[in-house]
Amino acid sequence: NAGVTQTPKFQVLKTGQSMTLQCAQDMNHEYMSWYRQDPGMGLRLIHYSVGAGITDQGEVPNGYNVSRSTTEDFPLRLLSAAPSQTSVYFCASSYGGAQSTDTQYFGPGTRLTVL
Amino acid sequence: GEDVEQSLFLSVREGDSSVINCTYTDSSSTYLYWYKQEPGAGLQLLTYIFSNMDMKQDQRLTVLLNKKDKHLSLRIADTQTGDSAIYFCAERQSGGSYIPTFGRGTSLIVHP
Chain A
1 NAGVTQTPKF QVLKTGQSMT LQCAQDMNHE YMSWYRQDPG MGLRLIHYSV
51 GAGITDQGEV PNGYNVSRST TEDFPLRLLS AAPSQTSVYF CASSYGGAQS
101 TDTQYFGPGT RLTVL
Chain B
1001 GEDVEQSLFL SVREGDSSVI NCTYTDSSST YLYWYKQEPG AGLQLLTYIF
1051 SNMDMKQDQR LTVLLNKKDK HLSLRIADTQ TGDSAIYFCA ERQSGGSYIP
1101 TFGRGTSLIV HP
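In structure tokens form, the structure reads like this:
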């Protein structure tokens, strides 16, 4: 298994540009999440999904869109990039559900700089 | 306020024990986790403890849970330079989304 994969690893954008961060998992996990990590702020949840076709907002959803058309993929879209979105973005997945330990499996991250 | 709180930094000498502390707010938390993040990498699960346990030991790692005080700690025995990383405490609440809430992370620096 490849686990959780993220592309690209690095990206530089200009203010106002749009882009999609890709995330895929091959563990048949129901739950997938996007976090951003900023110095001193820890991990903040952007959006999450509890299954194909179901998404919900996390703590910091503004400026980001998600969709979950398949179990495997959970892309994160930046509609109009702003310097405040400069961050490291992590995708995670887990089995989910009340009977699960909900161990999160993280991807390696995408380092995004918005100029 | 934050759901999960941790101090930001801890510095220890190689060979000493490290103790990283965490407090959480939700008394109905079912699972509490410790994740490790090495430089330039994603987070990896170190260990977890179920809320009906007081202690869990796994080789050099000891997790202590004080439910009354909502306090969780991670002790690393014989700390090595390879243990230098950011350690995140996380809790999963009994209801809601089952997505864990993470603390800000504690940077552990191990010096010779």
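Protein sequences appear in the order of chains A and B. Counting from 1, one number per residue, gives the positions in the first sequence under this note's numbering. Counting from 1001, one number per residue, gives the positions in the second sequence under this note's numbering. Glycine is no exception: its CB is placed at the ideal position from the N, C-alpha and C atoms. All values reported here derive from a predicted model rather than from experimental measurement.
Within 8 angstroms (strictly less), CB to CB, does residue i reach chain A?
i: residue 1009 of chain B; result: no
i: residue 1042 of chain B; result: yes
i: residue 1039 of chain B; result: no
i: residue 1045 of chain B; result: yes
Can you find a C-beta in chain B that's less than 8 angstroms from the C-beta of residue i?
i: residue 104 of chain A; result: yes
i: residue 48 of chain A; result: yes
i: residue 114 of chain A; result: no
i: residue 74 of chain A; result: no
i: residue 61 of chain A; result: no
i: residue 107 of chain A; result: yes
Rounded to whole angstroms, what's the CA-CA distance from residue i to residue j? Just pull it up for me.
i: residue 11 of chain A; j: residue 1080 of chain B; result: 34 angstroms
i: residue 1061 of chain B; j: residue 1013 of chain B; result: 17 angstroms
i: residue 60 of chain A; j: residue 34 of chain A; result: 10 angstroms
i: residue 54 of chain A; j: residue 1015 of chain B; result: 48 angstroms
i: residue 1065 of chain B; j: residue 1087 of chain B; result: 16 angstroms
i: residue 21 of chain A; j: residue 15 of chain A; result: 16 angstroms
i: residue 1019 of chain B; j: residue 89 of chain A; result: 28 angstroms
i: residue 81 of chain A; j: residue 73 of chain A; result: 22 angstroms
i: residue 27 of chain A; j: residue 1074 of chain B; result: 29 angstroms
i: residue 13 of chain A; j: residue 25 of chain A; result: 26 angstroms
i: residue 103 of chain A; j: residue 1112 of chain B; result: 33 angstroms
Nearest CA to the CA of residue i: which residue from the options?
i: residue 1072 of chain B; options: B:1078, B:1010 and B:1029; result: B:1029
i: residue 30 of chain A; options: A:48, A:108 and A:82; result: A:48
i: residue 1003 of chain B; options: B:1010, B:1023 and B:1076; result: B:1023
Exposed or buried, what is residue i when buried is set at 16 or more other beta-carbons lying within 10 Å of its beta-carbon?
i: residue 1006 of chain B; result: buried
i: residue 87 of chain A; result: buried
i: residue 1042 of chain B; result: buried
i: residue 1106 of chain B; result: buried
i: residue 69 of chain A; result: exposed
i: residue 1101 of chain B; result: buried
- Query: Given a limit of 9 angstroms on CB to CB distance, which residues of the stretch 17–37 of chain A reach chain B?
  - Reply: Here the close residues are 31, 33, 35 and 37.
### Query
When Cβ atoms are compared, which residues of the stretch 3–17 of chain A fall closer than 7 angstroms to chain B?
For the stretch 3–17 of chain A, the beta-carbon criterion of a distance under 7 angstroms to any beta-carbon of chain B is satisfied by none of its residues.
Check: Along the stretch 1016–1032 of chain B, what residues have a CB closer than 9 angstroms to any CB found in chain A?
Finding: Against chain A - using a Cβ distance shorter than 9 angstroms - the residues of the stretch 1016–1032 of chain B are 1030 and 1031.
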